[in-house]
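Engineer: What follows is a single structure, and I will ask about it in a moment.
Numbering (this note's numbering), first residue to last: 1170 to 1259.
Written out as structure tokens, the structure reads:
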């Protein structure tokens, strides 16, 4: 067996395990039979792929907002340190 075939086989096996685990969690969370959720996996994957751009943009926006909040916190801490007090006292 070639290395390529082995690599592809491992990738397919890993992907199948991830899909199965995701379906199991969904079935458990929604209180539905696993077979029913597994039957819906292809349409769920297509829907996920359709919205991935929006999801990535949303995650990037959240990251920028978190970075801005942390920047403000650091600025406040630096101002407090210059003033000779801890940031919790300010």
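Backbone N, C-alpha and C fix where the C-beta goes; we use that ideal spot for every residue, glycine too. Since we're looking at a predicted model, the values are computed, not measured.
(1) Cα separation between residue 1220 and residue 1213?
(2) Identify whether residue 1171 lies in helix, strand or coil by the three-state DSSP scheme.
(3) Over what stretch of residues does the alpha helix (DSSP H) that includes residue 1211 continue unbroken?
(4) Would the beta-carbon of residue 1206 fall within 8 Å of that of residue 1216?
(5) With 16 as the cutoff for other CB atoms within 10 Å, does residue 1192 come out buried or exposed?
(6) Could you tell me whether the Cβ atoms of residue 1188 and residue 1210 are closer together than 8 Å?
Structural biologist: In terms of the structure at hand:
(1) Counting from 1 along the chain shown, the entry for residue 1220 is found at position 51. Counting from 1 along the chain shown, the entry for residue 1213 is found at position 44. Taking the straight line joining both Cα atoms gives about 11 Å.
(2) Taking the first residue of the chain shown as 1, we reach residue 1171 at position 2. Residue 1171 carries a coil assignment under DSSP once its states are collapsed to helix, strand and coil.
(3) Start at 1 with the first residue of the chain shown, and residue 1211 comes out as number 42. Its alpha helix (DSSP H) spans residues 1203-1251.
(4) For the purposes of this step, residue 1206 is taken as residue 37 along the chain shown, with counting starting at 1. For the purposes of this step, residue 1216 is taken as residue 47 along the chain shown, with counting starting at 1. Taking 8 Å as the cut-off, the Cβ atoms of residue 1206 and residue 1216 do not count as close.
(5) Here residue 1192 is taken as the residue at index 23 of the chain shown, counted from 1. With 16 or more other Cβ atoms within 10 Å, it is buried.
(6) Here residue 1188 refers to the residue found at position 19 when the chain shown is read from its first residue. Here residue 1210 refers to the residue found at position 41 when the chain shown is read from its first residue. For residue 1188 and residue 1210, yes; Cβs fall inside 8 Å.
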